[in-house]
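Undergrad:
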Amino acid sequence: MLEVAALRAEALQLRRLAEQQHQQAASASSRFRGELRTLRQSLRDEGILEDALEVEAEPEDPTKELQEALALSQGVSEELLSEAEALRRSLQEAEGALEEKRQSQQRSEDSFLECQEAAARLRGERDTARSELEELTTLASAFKGQAEGEICELRWLRLSVKLMRQEDADTLESLKESWSHGNRKWQASTRTLREKVNQRTAEVAKGDQAMHALEEKVASQGEQLQSFTAAALQELRQAQQTWEAQLQTERTLRQQVEAKLRDETAVPEALKPLEPVAPEAPEATGDMASSLEKERQEVRRLQSKLAEAEQTIGQLVVSNMPEPTKAPKSQSLRSRTRSALL
37 MLEVAALRAE
47 ALQLRRLAEQ
57 QHQQAASASS
67 RFRGELRTLR
77 QSLRDEGILE
87 DALEVEAEPE
97 DPTKELQEAL
107 ALSQGVSEEL
117 LSEAEALRRS
127 LQEAEGALEE
137 KRQSQQRSED
147 SFLECQEAAA
157 RLRGERDTAR
167 SELEELTTLA
177 SAFKGQAEGE
187 ICELRWLRLS
197 VKLMRQEDAD
207 TLESLKESWS
217 HGNRKWQAST
227 RTLREKVNQR
237 TAEVAKGDQA
247 MHALEEKVAS
257 QGEQLQSFTA
267 AALQELRQAQ
277 QTWEAQLQTE
287 RTLRQQVEAK
297 LRDETAVPEA
307 LKPLEPVAPE
317 APEATGDMAS
327 SLEKERQEVR
337 RLQSKLAEAE
347 QTIGQLVVSN
357 MPEPTKAPKS
367 QSLRSRTRSA
377 LL
């Protein structure tokens with residue numbers, strides 16, 4: 037917007053300069069005509085008619101040259117006005133391009149924020165799945181320890197029964213009954229334990245499937261985020277190229293206007309014997325140079341901002357990449373638990 041305002045002020049200044057030159061040429065022409073009429077009247081008053089006729093015949097060429105210079109100044113003023121109108125149209129086009137660029141940048145920022153929210157949501161789901169898997173692993177380890185303790189107890193009972201059978205043959209029947217009761221109790225508890233272990237195994241399998249689905253979802257979301265980021269970068273580069281091309285066109289037009297102004301400084305110099313007029317072209321040229329320097333600084337600032345945005349987007353893409361799956365580790369833990377229980 038600062039560049040557009042500077043270009044608009046420059047166009048107004050060029051128009052004022054053309055109008056001033058036109059007014060100066062008109063005033064010089066009217067002044068010359070008034071002096072010529074005064075000189076003729078004074079010659080008539082003195083009665084020198086022949087000299088007056090000679091004087092009237094002599095300034096034909098300067099008057100004609102002045103008229104030609106006035107016509108040339110008017111043509112140049114019209115050209116400057118047409119160039120100012122073309123510059124105004126180009127300014128309007130530049131404003132439209134800047135507005136379109138601002139809208140595209142806003143859309144890319146909105147899509148980038150949506151990608152960030154989706155990545156945060158997926159990270160939360162991944163952490164929840166990990167915590168559930170850790171809880172299931174802890175529960176399976178507890179069942180494994182309980183089963184190992186019960187197996188050791190049953191082995192000790194079997195050894196005790198064998199020793200008691202060798203020591204006392206009379207109590208064999210009672211020991212058989214006790215053994216069958218304990219065996220039934222052990223089988224009932226073992227059946228219940230196996231059902232629990234099988235249930236936990238099914239739950240672990242479901243957890244593995246959910247984890248695989250979540251990892252695939254995270255991977256697909258990462259690919260979508262990368263594609264959105266690439267599209268946003270492409271749009272930013274295209275907007276920068278369009279803006280640079282338009283800026284180059286504006287610079288070319290400005291250089292042409294400066295050349296026209298340098299050519300127009302010859303008209304006040306031709307009228308200097310009649311009345312000295314201070315030229316204003318150097319001030320306009322200085323303003324143009326300062327505005328060009330401001331535009332260069334703005335271009336450098338926009339390029340640095342674009343580089344920072346590309347670096348930030350690259351870091352976000354790298355940080356949101358999906359982590360390697362841990363399904364083989366869960367499978368090996370489940371197989372070890374099953375082998376230990378059996």
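Under the working numbering, the letters of the sequence shown match residues 37 to 378, in that order. Using N, Cα and C, we set each Cβ at its ideal position, and we do this for glycine too. Fair warning: this is a prediction, and the values are worked out from it, not measured in the lab.
Are three or more beta carbon pairs between the region 234-252 and the region 167-187 nearer than 8 Å?
TA: Contact holds: three or more Cβ-Cβ distances are below 8 Å.
Undergrad: Measuring straight from C-alpha to C-alpha, what distance separates R379 and Q142?
TA: No statement about residue 379 is possible, as the shown extent of the chain runs from 37 to 378 and does not include it.
Undergrad: Would you decide whether E136 is buried or exposed? Buried here means 16 or more other CB atoms lie within 10 Å of its CB.
TA: Result: exposed.
Undergrad: When we look at the beta-carbon of A238 and count the other beta-carbons within 10 Å, is it buried (16 or more) or exposed?
TA: The residue is exposed, with fewer than 16 neighbouring Cβ atoms inside 10 Å.
Undergrad: How many Å lie between A281 and A130 at the Cα?
TA: Cα to Cα, the separation comes out at about 10 Å.
Undergrad: Helix, strand or coil, according to DSSP, for T228 in the structure here?
TA: Looking at T228 - three-state DSSP - the assignment turns out to be helix.
Undergrad: For my contact list, A133 and W279 are in at a C-beta cut-off of 8 Å; report their separation, rounded to the angstrom.
TA: Right, their Cβ atoms sit about 7 Å apart.
Undergrad: Taking all protein chains shown into account, do 16 or more other C-beta atoms lie within 10 angstroms of the C-beta of C151, making it buried, or fewer, making it exposed?
TA: The residue is buried, with at least 16 neighbouring Cβ atoms inside 10 Å.
Undergrad: Distance, Cα to Cα, V91 vs L289?
TA: Because V91 sits at a pLDDT of 43, beneath the cut-off of 50, its placement in the model cannot be relied upon, and the point is left open.
Undergrad: What is the DSSP secondary structure of T207, reduced to helix, strand or coil?
TA: Three-state DSSP puts T207 in coil, outside helix and strand.
Undergrad: Three-state secondary structure (DSSP) at T348?
TA: Of the three classes helix, strand and coil, the one that applies to T348 here is helix, per DSSP.
Undergrad: Evaluate Q291 with the Cβ neighbour count: other Cβ atoms within 10 Å of its Cβ, from every protein chain shown; 16 or more gives buried, anything less gives exposed.
TA: So Q291 ends up on the exposed side.
Undergrad: Classify A45: buried if its beta carbon has 16 or more other beta carbons within 10 angstroms, exposed otherwise.
TA: Counting Cβ neighbours within 10 Å, A45 comes out exposed, since fewer than 16 surround it.
Undergrad: Just mark A183 as buried or exposed, buried being the case when its beta carbon has 16 or more other beta carbons within 10 Å.
TA: Flag for A183 reads buried.
Undergrad: Express the C-alpha separation of D299 and S77 in angstroms, rounding to a whole number.
TA: Note on residue identity: the sequence assigns Gln, not Ser, to residue 77. Straight-line Cα distance between these residues: approximately 38 Å.
Undergrad: Once DSSP output is grouped into helix, strand and coil, what is the label at T174?
TA: It is helical.
Undergrad: Among L269, K296, L190 and V233, which has the Cα closest to the Cα of S414?
TA: Coverage of the chain is limited to positions 37 through 378, which leaves residue 414 absent and any answer about it impossible.
Undergrad: Round the Cβ separation of S140 and E271 to the nearest angstrom and send it over; I've been treating them as touching at under 8 Å.
TA: The Cβ separation is near 5 Å, so the contact holds.
Undergrad: What are the uninterrupted segments assigned as alpha helix (DSSP H) that are 4 or more residues long and contained completely in the region 268-308, given in chain order?
TA: You should have 302-306.
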